[in-house]
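Here the protein sequences line up with chains H and G, keeping their order. Okay, so the first sequence: first residue is 1 according to my numbering, each after it adds one. Okay, so the second sequence: first residue is 1001 according to my numbering, each after it adds one. A short worksheet on the structure shown next.
There are 2 protein chains.
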Amino acid sequence: MPIIECIPNVSEGRRAEVVDAIATAIRGVPGVRLLDHSSDASHNRSVFTMAGDAAPLKAAVLAMYERALAAIDLRTHKGEHPRLGAIDVVPFVPIEGVTMEDCVALAKDVAQDVSSRFGVPVYLYEEASTNPARKNLEDIRRGEFEGLAAKMRSEGWAPDFGPASPHETVGASVIGARMPLIAYNINLATNRVDVAKKIAAAIRHSSGGYRFVKAAGFELKDRGIVQVSMNLTNYEKTPVFRVFETVKREAERYGVQILESEIVGLVPSAALNATAEYYLQIAGFKAEQVLENKLRATD
Amino acid sequence: MPIIECIPNVSEGRRAEVVDAIATAIRGVPGVRLLDHSSDASHNRSVFTMAGDAAPLKAAVLAMYERALAAIDLRTHKGEHPRLGAIDVVPFVPIEGVTMEDCVALAKDVAQDVSSRFGVPVYLYEEASTNPARKNLEDIRRGEFEGLAAKMRSEGWAPDFGPASPHETVGASVIGARMPLIAYNINLATNRVDVAKKIAAAIRHSSGGYRFVKAAGFELKDRGIVQVSMNLTNYEKTPVFRVFETVKREAERYGVQILESEIVGLVPSAALNATAEYYLQIAGFKAEQVLENKLRATD
């Protein structure tokens, strides 16, 4: 059974009854598992994590739109987090037995139905993007809901699906496909925050580093140490071990050692297997050699 | 659903019809998956790999005895591999949602039934052993089927279950519980077989090395290199990464580099995860952080 992960971000993080109604709608779709949902009141935003095959996930996303249309009005919505729509972002992530192409096709299929059934304009992003200028979420979302009508009238901002102007109450949506994110931090055995900031700058894409790394340097004051905090956005192309080794080498430049690293939340087993493969110099390793994969594959 | 692996070794590797009848008997037990079976004619021995929960595995092992009793007579059996019985060795291995204690209990339960239903004496081995002198398979099997009657009469060799003398045609069985084995080889960028042999001696338990390592040094003549070939018999207590680092350090002593390593057959994901955790210095890592584990755990 293929497994796709879907992580819709919804512009409502204060009214528990609205969030609960959306969660209930997701749980009501057979074949979809709601793995997690969390709300942030200051962001006024909720993140739902669900998994399943394509058809059930599509049904769940459409059910979320029905609830959101009934309950969310962006004209009165305030929150710290930027947003373009009530169902702001819907990424599909290939996990098991499914390709990125499958997830791109699913994103387009869902976008088509969202626009035709609810009259909501949709922009495709990341791997589903049809336009290099509209690949990054931040670029698409710039100007937010309040600037959306004007943005949609400007050159190059006609949506991929749906009407040429925002939906009056729920704005627009950004739907697409991407690799799983790994939230990864490396703690340095120093209190020099300048070292963490310099290393972050050295490794992140935006300032010349690895293509799929976002990074920032922080102080962890209570522990008297500093941290290079990262999002690894494609662990196949920019693997964890290469980032780790680069941070280690850059830290040596300042006479600093790595104290420890931490994975925040979830990590795909393939990222860990690739790490073992690298350090142990394993030749010809295959995923089918992992005992648990073999046990699950046979039936 | 708990997953236990069971890998019975049967003293028949030449008559395909006997091997097939045993495989068919295993496949006929609901809840047991026969993952693999392979026969070696010169050893005159077959290895079956199956997985399932305790009760179905017990039923499958008992079905194997019925077939073996009908078809195998050790008085006329010849082969290179040492053996004590027709169903020579039956290890139970904890894989998922099951403890070593559960597997020990299962081994004893199966041993009890094998002895009472078929009149076959059983020795418990490895983690199920009740006697330090009878923990290792090699010690129990020494003397083989031909020396078994005399051995069973000698001090300290009454079986754990069943009659005090061998079954006339199928001898005795060794049943127990153990950790998964990892067959792991490290290839060295040299043609000096003495280096591989010295490193093997340095790391293996029998000559002063790690507790859960069996190792030998070989030449790979066609490739002009040498290999340290290992069985890692408890990857939790003697982890892969520690063995790798020790081999690497010992090789440096002779000016030799590691060319590559290889995992032969299956490896538990926990062994790979522990390797990633070690090299990336991950603090506080939990198995539930592996995305696939999380997806499977929720339902």
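Yeah, the Cβ is synthetic: ideal placement off N, Cα and C, and Gly gets one too. Model, not experiment: these values are computed from the prediction.
Query	Result
Expressed to the nearest angstrom, what Euclidean distance is found between the alpha-carbon atoms of Val-1264(G) and Asp-139(H)?	48 Å
So which residues of chain G does Lys-294(H) contact, with C-beta pairs closer than 7 Å?	Leu-1035, Leu-1266
Please report whether the beta-carbon of Pro-91(H) lies at a distance below 8 Å from any beta-carbon of chain G.	no
Taking 8 Å as the CB-CB limit, is Thr-1275(G) close to chain H?	yes
Any idea what DSSP makes of Ser-1011(G), helix, strand or coil?	coil
Leaving aside the five residues before and after Leu-300(H) along the sequence, list all residues of the same chain whose C-beta is less than 8 Å from its C-beta, in chain order.	Outside the modelled stretch of chain H, which goes from 1 to 299, sits residue 300(H), for which no answer is possible.
Using a Cβ-Cβ cut-off of 7 Å (strictly less than) and excluding sequence neighbours within five positions of Leu-137(H), which residues of its own chain qualify?	Val-89, Tyr-125, Val-174
Assuming Ile-1022(G) and Val-1010(G) are in contact, meaning their beta carbons sit under 8 Å apart, how far apart are those beta carbons, in whole angstroms?	6 Å
Would you check if there are 3 or more beta carbon pairs closer than 8 Å linking the region 244-260 of chain H to the region 1273-1282 of chain G?	yes
Check each residue of the region 191-214 of chain H: if its Cβ is closer than 9 Å to any Cβ of chain G, include it; give the result in chain order.	none
Check each candidate in Pro-1030(G), Phe-1241(G), Ala-1051(G) and name the one with the smallest Cα separation from Asp-1036(G).	Ala-1051(G)
Please state the DSSP three-state secondary structure of Phe-1218(G).	strand
Report the CB separation of Ala-1172(G) from Leu-1148(G) in whole angstroms; it is logged as a contact under 8 Å.	6 Å
What does Gln-1227(G) touch in chain H if you count any residue whose Cβ is under 7 Å from its own?	Ordered by position in chain H, no residue passes the 7 Å Cβ test against Gln-1227(G), which lies about 12 Å from the chain.
Determine, using beta carbons only, whether Tyr-1123(G) and Pro-1159(G) come nearer to each other than 8 Å.	yes
Alpha carbon to alpha carbon, how far is Ser-38(H) from Leu-62(H)?	20 Å
Pull up the CB-CB distance for Gln-227(H) and Ile-182(H), whole angstroms please, since I reckon it's below 8 Å.	Contact doesn't hold; Cβ gap of about 15 Å is too wide.
Going by beta-carbon coordinates alone, are Ala-276(H) and Thr-1275(G) separated by less than 8 Å?	yes
Once DSSP output is grouped into helix, strand and coil, what is the label at Thr-49(H)?	strand
Just the Cα atoms here: how many angstroms apart are Leu-232(H) and Phe-1145(G)?	59 Å
Give me the Cα-Cα distance between Glu-12(H) and Ala-202(H), rounded to the nearest whole angstrom.	36 Å
Contact defined as beta carbons within less than 8 Å: I believe Phe-218(H) pairs with Ala-196(H). What is the distance between those atoms, to the nearest angstrom?	6 Å
Could you tell me which of Ser-1165(G), Glu-1127(G), Asn-1191(G) sits nearest to Asp-1222(G), measuring between CA atoms?	Asn-1191(G)
How many whole angstroms separate the CB atoms of Glu-1005(G) and Ile-1072(G), which I take to be in contact at a CB cut-off of 8 Å?	The pair is not a contact, with the Cβ atoms about 23 Å apart (cut-off 8 Å).
Are the beta-carbon atoms belonging to Ser-1269(G) and Leu-291(H) less than 8 Å from one another?	yes
Comparing alpha-carbon positions, which option in Tyr-1278(G), Leu-1272(G), Asn-1293(G), Gln-1289(G) lies nearest Gln-289(H)?	Leu-1272(G)
Once the 5 residues before and after Val-104(H) are set aside, which same chain residues still bring their CB inside 6 Å of it?	Glu-127, Ala-128, Ala-177
Between the C-alpha atoms of Thr-1326(G) and Lys-1286(G), what's the straight-line distance to the nearest angstrom?	Absent from the structure is residue 1326(G), since the part of chain G shown begins at 1001 and ends at 1299.
Does the beta-carbon of Gly-209(H) have 16 or more other beta-carbons within 10 angstroms, so that it is buried, or is it exposed?	buried
For Ala-64(H), which residues in the same chain have their Cβ closer than 8 Å to its Cβ, ignoring the five residues on either side in sequence?	The question names Ala, but residue 64(H) in the sequence shown is Met. Contacts found: Pro-8, Val-10, Ile-22, Ala-25, Ile-26, Phe-48, Ile-87.
What's the C-alpha gap between Glu-250(H) and Pro-180(H)?	26 Å
Measuring only the C-alpha atoms, how far is Ser-154(H) from Val-256(H)?	50 Å
With a CB to CB cut of under 8 Å and the five nearest residues on each side skipped, what residues in its chain are close to Asp-1113(G)?	Lys-1058, Leu-1062
Check for me: the alpha helix (DSSP H) holding Gln-1112(G) runs from which residue to which?	1100-1118
Please list the segments of the beta strand (DSSP E) lying wholly inside the region 119-172 of chain H, counting only runs of 3 or more residues, in order along the chain.	122-126
In chain order, what residues of the same chain have a beta carbon less than 7 Å from the beta carbon of Pro-2(H), not counting five sequence neighbours either side?	Asp-53, Glu-96, Gly-97, Val-98
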